[in-house]
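Numbering (my numbering), first residue to last: 46 to 102.
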């Protein structure tokens, strides 16, 4: 949870919607009025930052 809290707000939102709520990118795109590509990029950046945090980098 601490690693998630360190993410920028948009990455937190995208990560929570995808990981915890298991939403599809299409549904997220409709809700957030953002392209699926941008959402995928935000999600993968968030995952990378969380992994780096957990590894102590």
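Even glycine gets a Cβ: it sits at the ideal position worked out from N, Cα and C.
Practice item. Measure the beta-carbon distance from residue 52 to residue 65 and round it to whole angstroms, keeping in mind my assumption that it falls under 8 angstroms. Key: Residue 52 to residue 65, Cβ: 13 angstroms. No contact.
Exercise for review: Jot down the residue ranges of each uninterrupted alpha helix (DSSP H) in the segment 58-86, minimum 4 residues, whole runs only, in chain order.
Suggested key: With a minimum length of 4 residues, the continuous alpha helix (DSSP H) runs that stay inside the segment 58-86 are 70-77.
Review point. Just checking my contact of residue 84 with residue 56 at CB under 8 angstroms: how many whole Å lie between their CB atoms?
Key: Not confirmed; about 10 angstroms, so no contact.
Review point. Sorted by chain position, which residues of the same chain lie with C-beta nearer than 8 angstroms to residue 74's C-beta, five sequence neighbours on each side aside?
Key: Beyond the five residues adjoining it in sequence on each side, residue 74 comes within less than 8 angstroms, by CB distance, of 80, 81 and 84 in the same chain, given in chain order.
**Study point:** Status (buried if at least 16 other CB within 10 Å, exposed otherwise) for residue 47
**Key:** Classification for residue 47: exposed.
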